[in-house]
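Data block below; observations after.
Numbering (UniProt numbering), first residue to last: 1 to 705.
Written out as structure tokens, the structure is:
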């Protein structure tokens, strides 16, 4: 039985690299959810199989290692941070878009343990790394087909995204495999032909990485290569040929970098998509990131020990929002910097626990593996880690980068703790006589099987069913009742993505409203969304995003009085965020409370006076409140461009200022004399002020056009 279990475990482990190929079109966030759910299911099966094997064979039980301690400590500390965090439910389950949370960390730690123990020979590890490289080649070919226009680039740009749907995810995947393939090339002791194969694979990986145009990964690659080459050139004493190659790499990279900086302002560089992105890096361009990092630091100061828990950066982002970020996306759920992300999620303890993992990886790599790895091999892994962490200074992890990181950690753990021989098969540990079966172990094994079945359904299958039901709920069906039934079904699983399901309910209800569905259908969707959004607000009263979603739903269905308390609370939670105040001011306008609306819009404008949108809305508020003279004295007369803004014209109409409406449409017609709609609108405005002949002339022009 032990051998069967072992082969079962090996099969599962060698399937893991192929997860990168999965795209699950029938689930919400198809590039994310499928990969994560398959990984979780495989890990749960692997953990169950390994636990049973460890019962019967002591050789498969964990051996002490500070690296193992660091991984388990990290998960334990983050678990505490999540429990005492701002939203424990979301911290545990995460959402469909990210699929992280404590549930993922537990699975990654389980993966690390199983792989680090079961892959107990160098031959197995070589096969594992080669399997992963083969998958990277398949993805590389997929990327080439995207370049050739045979397969759609899902981001909608020219940046390759492969089977990841995100260029930066593909980039870090290729960065890992460039170093892994280089390691296999250096390690290879067979025929020369295989080195040529590895070399060709590295070229393919470099091409794909280049065309992702991901600056963090490209710079991380260059920095990692420089570090690896530097370490080899200093410490490699035995292999002089490799040392010469390393020195050559140092010279070439340094020269190319110098040439790039000299030529970065040339037209050739600027016109190249990838090189142009690299040349555009500056402190000014990085100002947005610095501001977000500063917001994160304020959040850390508020909760320094255990942080806010995973998936809770939105609380920090909203509370300490910098109004000068008005041109950026309104809802950040990550700092886009791995250092600050873990500081916010786990506080100082979580941060130290996380970074203890790479520290022990490097310590074991350089202090414990003298007989296992050459200086060159150690240098390659060191460069890989450097490149990976540099890249993560500007983005965040995804499931495949996590898997690769923990795979390397497991490799170092295995090399440092398990007796390995390049020629054995690993079967020697499976001695049935030394590890005799007993009845108690069989009882424990039965409990393990039951636990695995439970975990498969509770931790993974429910999420799969919810993601599939959600897709059906927001897709076109033969009956709206089917949509409602699927949305209710998706929510009923009460698992990962709960908030996303409810937000989608609200969005579907709004689509029904704007799409002109019949009143009965609108009412059904509104009642569903209203009921669940109300519950969500009760569960998370301090989440400004949820408040805004709910208030927007209420406003669009004309429940202005019910929306106002949520908007006021959202402003209290995020006092510097303009989009929230726009929504509050609009609600006051809809209720006819023009003075209050003006005060809100004035405050919003003062947060960032260079925000053009805020200025236009400020003027709209002034028109309704009859304070145009005052606002003209403060920020100057209205420009022709602003006067033709639809919101300004609508405000003039609603306040019966038709002379101003005429002026607006006259300017619009002057700018676009062949626009029939503008002539028709100007004619209608002339009618309102009693100038019938002019109105007839403009209407005739509209007809003629």
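For each residue, glycine too, the CB sits at the ideal point set by N, CA and C.
Quick one: give me the first and last residue of the alpha helix (DSSP H) that residue i is part of.
i: residue 711; result: The chain is shown only over 1 to 705; residue 711 falls outside these bounds and no answer can be derived.
i: residue 702; result: 692-704
i: residue 2; result: 2-15
i: residue 461; result: From DSSP, residue 461 is part of no alpha helix (DSSP H); its letter is neither H nor E.
i: residue 44; result: 33-56
i: residue 666; result: 658-671
i: residue 389; result: 375-391
i: residue 681; result: 676-688
i: residue 486; result: 480-492
i: residue 632; result: 628-635
i: residue 641; result: 640-643
i: residue 22; result: Here residue 22 belongs to no alpha helix (DSSP H), and DSSP marks it neither H nor E.
i: residue 400; result: 399-417
i: residue 62; result: Per DSSP, residue 62 belongs to no alpha helix (DSSP H) and is neither H nor E.
i: residue 120; result: Looking at the DSSP string, residue 120 is not in any alpha helix (DSSP H), and its letter there is neither H nor E.
i: residue 651; result: 646-654
i: residue 91; result: 88-93
Report, in whole angstroms, the separation of the C-beta atoms of residue i and residue j, which I expect to be a contact under 8 Å.
i: residue 466; j: residue 44; result: So it is not a contact: roughly 17 Å between Cβ atoms.
i: residue 218; j: residue 233; result: That belief does not hold up - the Cβ atoms of residue 218 and residue 233 are roughly 22 Å apart, past 8 Å.
i: residue 573; j: residue 272; result: Their Cβ separation, rounded to whole angstroms, is 44 Å, which puts residue 573 and residue 272 out of contact at 8 Å.
i: residue 361; j: residue 443; result: At roughly 38 Å, the Cβ-Cβ gap does not stay under 8 Å, so residue 361 and residue 443 are not in contact.
i: residue 169; j: residue 398; result: 5 Å
i: residue 686; j: residue 695; result: 4 Å
Please name the residue, chosen from the options, that lies closest to residue i on a Cα-to-Cα basis.
i: residue 264; options: 194, 501, 204 and 277; result: 277
i: residue 6; options: 514, 192 and 59; result: 59
i: residue 171; options: 136, 196, 150 and 152; result: 136
i: residue 725; options: 69, 102, 500 and 192; result: Only positions 1 to 705 of the chain appear in the structure, and residue 725 is not among them; the question remains open.
i: residue 30; options: 672, 468 and 317; result: 468
i: residue 635; options: 354, 356 and 616; result: 616
i: residue 164; options: 158, 306 and 173; result: 173
i: residue 21; options: 28, 95 and 32; result: 32
i: residue 338; options: 402, 196, 246 and 255; result: 402
i: residue 167; options: 178, 179 and 154; result: 154
i: residue 332; options: 25, 288, 361 and 346; result: 288
i: residue 483; options: 529, 227 and 229; result: 529
i: residue 462; options: 590, 398 and 40; result: 40
i: residue 594; options: 621, 604 and 581; result: 621
i: residue 379; options: 407, 405 and 229; result: 229
i: residue 369; options: 415, 386 and 340; result: 415
i: residue 15; options: 128, 703, 98 and 97; result: 128
i: residue 500; options: 54, 27 and 37; result: 27
i: residue 738; options: 577, 221, 118 and 644; result: Here the chain comprises residues numbered 1 to 705, so residue 738 is not present and cannot be evaluated.
i: residue 64; options: 83, 371, 117 and 571; result: 117
i: residue 623; options: 612, 610, 661 and 539; result: 661
i: residue 665; options: 306, 656, 684 and 704; result: 684
i: residue 81; options: 611, 354, 644 and 471; result: 354
i: residue 580; options: 614, 309, 682 and 405; result: 614
i: residue 496; options: 480, 73 and 88; result: 88
i: residue 383; options: 408, 142 and 372; result: 408
i: residue 221; options: 253, 196 and 308; result: 253
i: residue 68; options: 268, 638, 358 and 517; result: 358
i: residue 121; options: 257, 72 and 417; result: 417
i: residue 508; options: 539, 470, 191 and 138; result: 470
i: residue 100; options: 75, 649 and 596; result: 75
i: residue 599; options: 142, 631 and 215; result: 631
i: residue 144; options: 159, 256 and 346; result: 159
If you measure from the CB of residue i, is any heavy atom of the ligand HEM nearer than 7 Å?
i: residue 598; result: For the ligand HEM, the structure offers nothing, since it holds no ligand at all.
Is the shortest distance between the beta-carbon of residue i and the beta-carbons of chain C less than 8 Å?
i: residue 597; result: This model lacks chain C altogether, as it is built from one protein chain only.
Alpha helix (DSSP H) runs wholly inside the stretch 503-567, at least 4 long, in chain order: 519-539 and 544-556
Within the UniProt repeat "TPR" (578-611), ranges of the beta strand (DSSP E) (whole runs, at least 3 residues): none
Within the stretch 147-195, ranges of the alpha helix (DSSP H) (whole runs, at least 4 residues): 167-187
Ranges of the alpha helix (DSSP H) found wholly within the UniProt domain "O-antigen ligase-related" (201-355), counting only runs of at least 4: 215-235, 240-263, 267-271, 273-279, 287-302 and 313-319
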